[in-house]
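Chains as they are written, first to last, in my numbering: chain A, 875 to 1371; chain B, 875 to 1371.
Okay, structure first, notes after.
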């Protein structure tokens, strides 16, 4: 946290999906901020679609912390109850995968949760403060169901409990977040098989009675069964952040039905809304198409990082992905393509190079550029609903200044060099969460440079016809496992086994 | 899994703590093996004491898998209910830490669970198949309490439920694992404050009513409260491995009361014992003393890896720690000291160097050494209750053979070279889980070697008085960020910022 910025008197505006406009962010109990974000259902490898919400809300977490807030960031793991379709029917996604892979459902959870965490580390997202699992909060979910029933908005049929959307909508407003109108929803909903228990096709399950072959089930006052998918987020956000908390985030695709149902559940149980600000990130398309397994354009993060997918021209560093995502505003759509990622790769490199250049600048007695004005613009961009594309344009203005100073066309004082260093450290690393190349990559880079020097020296010796020297260099390299090959294009080298 | 060894017809003997002797290992439902190991209570950084059980049971997991068994390895995370003393009184360890750090208990859990996982990765222990958390299995624990009460071995007092050890001991044998005798236990136990509810000082809590200020509590038929510490392992092992399963592991310090109580709980609830083989690793002492925070000899794994502890003369690579632990049999005590770790470091390096040498051996038409006999002895060592010190002595016999062949004193055929390679790969990497230096460390090594070559070339140029060449080398290095310093002891180099 920066000293000169820890007063939280920034005019941070965020777009609240509930009121559909940018509003000042005023936490309920400053300096504390409660932030809940919908995490993954861990039944398959993390993919490009997981990267965007993770990075968006990591950016928010980092910026709020930078401003001096004490943020409790809760992101759940859905490990039970997420059925294949939103109509409360079909297999549980995890149980289905468990059958396919011949594993216990919790083995599936363990496997894909580990992959998710590894990928999130690679993308340099900070771990949430608490990462509750749905299966670990069955009692809390049952208690919430009891409250909803007590308030008259839940009904039991054959051991399952449903939420009475029609009744809720008479007092409250079902559809207020997503803009859907209940009457239209009802008119458009086909009655699916297995829906007969519901009073209304729009009702959703709070508790489902399990069939005998269902593996993940628990005793309850209604049946051996499992909670509905929407319930976990209401129960766990209230448990860890209180009945009313500041921000709930997630992907735009979760607005309906997931978040709409969350609002209904919490409001029905508590008589008030839990969430003060709803924030939603937009989606990523791939070459203009929606990402879907059926379209063959489904790219996992491991594939992105390794380049092993037919749509990928090369591997992409996790920091390239991060930079790419931050180049767009989180509420804009963004299209993935090799060109776009290669441009992001170059942009990130240019930014990192400028950060290194700061340390090499020679101070002058006067500054010809205005660092304070630049800094002000950077904060204004972030305060404007986390506008990272504008932030980046200001930082690249800074990059041009840094390069101009390095070239001698502009001047900066010692104090302004320090100011620049802090500015770039704060925004590039602290807030945007970008990272320098790892020490391994730096090492590989250094090895290449040293090899260029050695090959150059050997070339010099050859030109001077000092054959003993050039042979000696070759032999010494052989001893440390490096083989030289003289080709038409020059000398190349490789490290042996 | 190795083809020529996948028949599981090995005569694997393991020491079953319950019968106090080595017995043949015969799983209940081959090829499946159920393995449950007590994991950490996540309220502080992982330390040396966590490394030994983690590596011991990782070794078992790897060897069983190598033999062709399909192992479901469950290791729990204790995130609630572990009180400060074994007499069911005192603060919950996690809640106490939460107060100290001004965090929500689950924030404490998240923080130290992440550290534990990172450290386990560094030690190259494979993740368990399932990693259940106590707080995520409250219903399962409550169901088990109901069964114990139904069978007459649990009683409720003021909202808490206790296990009736005296009654249990009339039908079964309380103390059979630890060798304790109930009458002596009762005679020796002081009646502690807050123990008044118990019929007998040896009784232990299954459910504790929570005080109003207690944070981690759940509704139950008896009170708002939390489960006793011993209960989670009984409930979660039965849930994920079945009522009767093969192996239960843990540190020797857990034999009493933890594992004794587990046996009592499962036996009381099910009328039969759950665990077929109990395995216990011995403890690590530090310079002859028990490790304890109060003695100032408490070393965390992060401190070991970084060298930042007053007792440490240097940082130790995680693979040095792993090798050190495998040098002793898991049931032997072992004493930690800088000398012992430095010896382990050398031993591990020698072993790794020999593995690399295998690839450089020149095949002969005849073998003068008997690889098959060596292989047989390696399996025999592992089959003898995972006797890694004996295994290592055989592998070092192999190391001598490899070096003798490299020196031309012994010969091996092409087929035997392949046999040797498989043997070392299987035992060193697959079963013992040691790792070669990381590519980063290899890169650093290569950089040093290349710098030696460049410095040598510059020295040659100086000796030939080719000052232009030696200056050019210095300049070229400067450009890639490497600075040379000529000192009395010769030229040293460093990488700049």
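Each residue gets a CB set at the ideal place from its N, CA and C atoms; glycine is no exception.
The Cβ of residue 984/A sits closer than 8 Å to at least one Cβ of chain B. It is roughly 20 Å from the alpha-carbon of residue 969/A to the alpha-carbon of residue 906/B. Sequence-distant partners of residue 1073/B (beyond 5 residues in either direction) whose C-beta falls short of 8 Å from its own C-beta, in its chain, are 1029, 1036, 1038, 1040. For residue 1034/A, the enclosing beta strand (DSSP E) stretches over residues 1034-1037.
Collapsing the DSSP output to three states places residue 923/B in a helix. Contact annotation: residue 1009/B and residue 954/B have beta-carbon atoms nearer than 8 Å. An exposed status is given to residue 1349/B, since fewer than 16 other beta-carbon atoms sit within 10 Å of its beta-carbon. Its Cα nearest to that of residue 924/A, the residue 1159/A stands out among 909/A, 978/A, 1159/A. Contact annotation: in the region 1337-1358 of chain B, residues whose CB is within less than 9 Å of a CB in chain A are 1343, 1346, 1347, 1350, 1351, 1353, 1354, 1355, 1356. Interface residue (Cβ-Cβ distance to chain A less than 8 Å): residue 1028/B is not classified as such. At the C-beta level, residue 1308/B and residue 1193/B come within 8 Å of one another. Here the C-alpha atom of residue 1087/B lies approximately 30 Å from the C-alpha atom of residue 1137/A. Look at residue 898/B: its C-beta is not under 8 Å from any C-beta on chain A. Straight-line measurement puts the Cα of residue 1163/B at about 37 Å from the Cα of residue 1004/A. Residue pairing by DSSP places residue 898/A opposite 887/A in a beta bridge. The count of Cβ pairs closer than 8 Å, one atom from the region 1102-1119 of chain B and one from the region 995-1002 of chain B, stays below three, leaving the stretches out of contact.
Nearest in C-alpha terms to residue 1355/A, of all of 1092/B, 1323/B, 1364/B, is 1323/B. Counted as a single uninterrupted DSSP element, the stretch harbouring residue 1174/A is not any beta strand (DSSP E), since DSSP gives it neither H nor E. Identification of chain B residues near residue 1007/A by a Cβ-Cβ cut-off of 8 Å yields 1007, 1010, ordered along the chain. Against chain A, the CB of residue 1325/B has a partner CB under 8 Å away; the residue lies at that interface. Nearest CB-CB separation between residue 1114/B and chain A: below the 8 Å threshold. One finds 1013 in chain A with Cβ atoms closer than 7 Å to the Cβ of residue 1092/B, taken in chain order. In chain order, 1120 place their CB closer than 6 Å to the CB of residue 1150/A, counting only its own chain and leaving out the 5 sequence neighbours on each side. Residue 1164/B has 1159/B as its beta-bridge partners, per DSSP. Closer than 8 Å to the CB of residue 1192/A there is not a single CB belonging to chain B. Membership of residue 1192/B in the alpha helix (DSSP H) is indicated by the continuous run 1192-1201. Among the CB atoms of chain B, none fall inside 8 Å of the CB of residue 972/A.
Exclusion of the five residues before and after residue 1255/B leaves 1261, 1264, 1265, 1268 as the residues of its chain whose Cβ lies within less than 7 Å of its Cβ.
Here residue 951/A carries a strand assignment [DSSP, helix/strand/coil]. Residue 1084/A is positioned such that its CB atom lies closer than 8 Å to that of residue 1099/A. Of the residues assessed, residue 1080/A falls on the buried side of the cut-off, its CB having 16 or more other CB atoms within 10 angstroms.
The beta carbon of residue 1294/B sits closer than 6 Å to the beta carbons of 1232, 1245 from its chain, once the five residues preceding and following it are set aside; these are given in chain order. Take residue 1284/A, set aside five residues on each side of it, and the residues of its chain with a beta-carbon closer than 7 Å to its own are 1242, 1243, 1275, 1278, in chain order. In the same chain as residue 901/A, and ignoring 5 residues on each side of it, the C-beta atoms closer than 6 Å to its own belong to 907, 1120, in chain order.
Residue 886/B and residue 899/B do touch by the CB rule: their CB atoms are close to 5 Å apart, below 8 Å. At a cut-off of 8 Å between beta carbons, residue 1022/A makes no contact with chain B.
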